[in-house]
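Protein chains: 2
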Amino acid sequence: MMGYMSITRAGCAALDAADPISDFRDEFVLPDGVVYLLGNSLGALPRRTAAKVAHAVTAEWGQDLGASWNTAGWWNLPETTGDRIAPLIGAGPGEVLAADCTSMMIFKAVSAALALRPGRNVIVSDSENFPTDQYVVQGVAQAFGREIREIGPQAPLEDALGPGVAAVVLSHVDYRTGAVRDMAEVTRRVHESGALMIWDLCHSTGAVLVDITGADFAVGCTYKYLNGGPGAPAYIYVAPRHQEAARNVISGWHGHANPFEFEPGYRPAPGVRRFATGTPPVLAYAALNASLEIWEKVDMRAVRAKSVALTELFIELTDHLGLELASPRHAGERGSQVSFRHPEGYPIMRALIDMGVHGDFRAPDLIRFGFAPLYLRYVDVYDAANTLAEVLSKELWREDRYQKRLTVT
Amino acid sequence: MMGYMSITRAGCAALDAADPISDFRDEFVLPDGVVYLLGNSLGALPRRTAAKVAHAVTAEWGQDLGASWNTAGWWNLPETTGDRIAPLIGAGPGEVLAADCTSMMIFKAVSAALALRPGRNVIVSDSENFPTDQYVVQGVAQAFGREIREIGPQAPLEDALGPGVAAVVLSHVDYRTGAVRDMAEVTRRVHESGALMIWDLCHSTGAVLVDITGADFAVGCTYKYLNGGPGAPAYIYVAPRHQEAARNVISGWHGHANPFEFEPGYRPAPGVRRFATGTPPVLAYAALNASLEIWEKVDMRAVRAKSVALTELFIELTDHLGLELASPRHAGERGSQVSFRHPEGYPIMRALIDMGVHGDFRAPDLIRFGFAPLYLRYVDVYDAANTLAEVLSKELWREDRYQKRLTVT
């Protein structure tokens, strides 16, 4: 703890010069004059993506047409893409399938888990979890006549567990505060109670170290830290021990054991492939795979180390501003984001964005800053903190134009 | 009926010269030396698509990043894209949502229909329907404890209908034979029995005239005749009278009434939007919307007239070859494809493809030729028929290299 007064921009530039993963910044397109602290929402565009997508459009689709299901590997994209995501969550080949969107995958994972725990009637969910997790669990519970037991972020998990619980659905990293759960310990306690553990890794993968070993299912998106593009395919992890028994309730032909024999009856494909449903959006996979080429060269320990250093620096530089830190102060309990609570959070964020610092606002009072270690520099953190200080000290957020709510933020 | 001997290539060229929609061919990229008769499987690439997708990648994503959820209309893509599809199926604004894949949409439509007909336990399905329709219905039936009653293509629908039937799922155009069902009449009879009618329009939209008025739900894909690209978003039609009561069982945040308030409880959005689930694959929508720009300029009656003329010509030119016509001989009962049965169908199709005529094979013995009226010429039909005649008369399909099965065709 040096105190913010002793941290200089030159000092931050020196940290960048010594950063072992600083070269990855050159892999990304970043708009001029912007400090992009929204990689936790929509990751930046990799430079190589445009050419990869163009190739999929003009060569694979335009010239080779349907032959590309074989020759360009379109048919196997869910598995081949999943296998490239697997190392980022501590999974092995054949354990991850990339497809659909996260909400769909939550639906599939929870439905499958319920079927694996017949006679148990309760799904445990986090009342502070990202809303779609809650909404989908509510839909599953209503459709299949199950009960939901919600826990708060502070409540002991044990209060919710018991012999009636079939499955527990939690986020590894909280989307609002960035608080990290102890994955191994939670999984252990859930298993002790006889339930299955489903992790949502949306705010973890590519940001913190993930070791999914031991869990039953996991889901996640690829458009945040993984930079797969807006609405890029999600993924599901299915533990090998469940793959033979787990059933995909949305049993479409892409999950069939022998899809081109056009049999009248559904027979699930072996392994994780059974969690595929319909025709994959090939262009979206092309963008995602461009980004995954970069991730294959990344040492996740170096990413995590830089993530910690960036968020520590930002907290250090902003600690004197009188904001309420909503994120855990201890780096080991924090993902790659820093959030503050402020009753004027909305106009503060609007003013910041106007000045080139892109974070976001989450109702009712949270401002969030995400730190994507592959393309953010220490000087960016320094500049962002300075701009935030200016917005607050000059009360720039009081301007009328920042008060009006936009439709979507 | 002129008889094939009197039809010349010059005569076909004259038909092309007089074709009122011949200019649309210039909108498409078609590989050199190929007669592409697979528009019923994967539509050809529109010329304008590459630039539209590149814009979505480099400008919307790369430069504007998350702001594009507002500024580029990403958030509303499911509705805006659906509204552009609607006229092609006789639907109005706010009745169609573009999202997910067809199999997902079948799952959503069947689940919603069951909930709208409580106490009725049976789903009627076509044993000859495209397999994913059957597989998904089987999954729904198993998940919700319902019964499936299958009808064959020739069996009278009345035998299957009755007071226990909640919903009927049928394809408008049969994927194998191209046989067209009388949509209005079938819907009428299904309604008389008190059940809901769900149409699969995958092989209809953009190929035959569709008037969905009166039906309850419909689903379809956009990568066949609509040329939206491999794995382009599917769509669902929900009749206005059901929109308030119908429930999306996969209740994700994109179908929420107020998604950015991050409420703990799911509340469905008004209208068809509630059938959205998760984050839409933006790049896939960019490709689809490029193609839909073309469709906005198309007169579907002209498309259907040319479709009939093309398939009639192909049947006429191939009638003497001794193939068993699997498609209806009467044009009014036929979609935009011609299928034949032949025990050596697989090597015949392999040989044809080798000679530049691209159709496909469907087990056990079907060879299919699709005729996309926007980019196919009468001379293409002539050349394809001549090549087929050569493959058969010279028995080119007997070559060893055509006998070996590829993984995916």
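Sequence lines, in order, name chains A and B. Using UniProt numbering, the first residue of the first sequence is number 1, and each one after it goes up by one. Using UniProt numbering, the first residue of the second sequence is number 1, and each one after it goes up by one. Glycine residues also receive a C-beta, built at the ideal position from the N, C-alpha and C atoms. Computed from a predicted structure; not experimentally measured.
Per DSSP, the bridge partner or partners of A/Leu366: A/Arg341 and A/Arg362
Spatially closest choice to A/Trp253 from A/Ile367, A/Val96, A/Leu38 and A/Pro268, by CA coordinates: A/Pro268
CB contact flag (A/His342, A/Asp319, <9 Å): no
Range covered by the alpha helix (DSSP H) that runs through B/Gly220: First-last for B/Gly220: Phe217 to Gly220, but that is the beta strand (DSSP E), not the alpha helix (DSSP H).
Contacting residues, own chain, Cβ-Cβ under 7 Å from B/Leu116 (five flanking each side not counted): Leu196, His242, Ala245 and Ala246
Beta carbon of A/Ile198 nearer than 9 Å to that of A/Ala167: yes
Where the beta strand (DSSP E) through B/Asp200 begins and ends: Element bounds for B/Asp200: Leu196 to Asp200.
Own chain, CB closer than 8 Å to B/Ile353, minus 5 neighbours either side, in chain order: Gly359
Own chain residues within Cβ distance below 6 Å of B/Val381, not counting five before or after: Leu310, Leu313 and Phe314
CB contact check: A/Ala232 to chain B, cutoff 9 Å: yes
Residues in the segment 149-178 of chain A having any Cβ partner in chain B nearer than 7 Å: none
Continuous alpha helix (DSSP H) stretch holding A/Asp126: start and end: Unbroken run through A/Asp126 is the beta strand (DSSP E), Val122 to Asp126; no alpha helix (DSSP H).
Chain-ordered chain A contacts of B/His342 [CB-CB under 9 Å]: In chain order: nothing, as chain A lies at least about 17 Å away.
N-terminal and C-terminal residue of the beta strand (DSSP E) that A/Arg149 is part of: Glu147 to Ile151
Supposed contact pair B/Gly164 and A/Val249 - C-beta distance, whole angstroms, cut 8 Å: Incorrect: roughly 23 Å between the Cβ atoms, too far for contact.
Terminal residues of the beta strand (DSSP E) in which A/Val272 lies: First-last for A/Val272: undefined, no H or E at that position.
Short-range partners of chain A found in the segment 50-68 of chain B, where Cβ spacing is below 9 Å: Correct list: Ala50, Val53, Ala54, Ala56, Val57, Thr58, Glu60, Trp61, Gly62, Gln63, Asp64, Leu65, Gly66, Ala67 and Ser68.
Proximity to A/Gly278 [Cα-Cα], best of A/Gly255, A/Trp295, A/Val298 and A/Ala290: A/Gly255
3 or more residues per run - each beta strand (DSSP E) lying fully within the segment 226-276 of chain A: 234-238
9 Å Cβ cutoff, B/Met104 in contact with chain A: yes
Beta carbon proximity, B/Cys12 to chain A, threshold 9 Å: no
C-beta contact flag for A/Gly322 and A/Val210 at 9 Å: no
The segment 280-290 of chain A touching the segment 226-233 of chain B, judged by at least three CB pairs closer than 8 Å: yes
A/Cys202 versus A/Tyr378 - alpha carbon distance: 24 Å
For B/Asn129 and B/Gly152, the rounded distance between their alpha carbons: 9 Å
Residues near B/Val308 in its chain [Cβ-Cβ closer than 7 Å; skip 5 each side]: Ala331
Span separating the alpha-carbon of B/Thr58 from that of A/Ala50: 7 Å
As assigned by DSSP and simplified to three states, the class of A/Leu325: strand
Touching by the beta-carbon criterion (3+ pairs, under 8 Å), the segment 285-299 of chain B and the segment 74-87 of chain B: Flag = yes, the segment 285-299 of chain B and the segment 74-87 of chain B touch.
Interface residues of chain A facing B/Ala284 [CB-CB closer than 7 Å]: Chain A residues near B/Ala284: Pro281, Leu283 and Ala284.
Unbroken alpha helix (DSSP H) run spanning A/Ala18, endpoints: Arg9 to Ala18
Exposed unless 16 or more other CB atoms sit within 10 angstroms - verdict on B/Ala18: exposed
B/Leu15 classed as buried or exposed, judged by whether at least 16 other C-beta atoms fall within 10 angstroms: With a threshold of 16 other beta carbon atoms within 10 Å, B/Leu15 meets it and is buried.
Contact list for B/Ala287 against chain A, beta-carbon separation under 8 Å: Val57 and Leu283
Of the residues A/Gly119, A/Val29, A/Gly39 and A/Glu60, the one placed nearest B/Leu42, counting alpha carbons only: A/Glu60
Pick from B/Gly335, B/Val29 and B/Ala239 that is closest to B/Thr205, judged by C-alpha positions: B/Gly335
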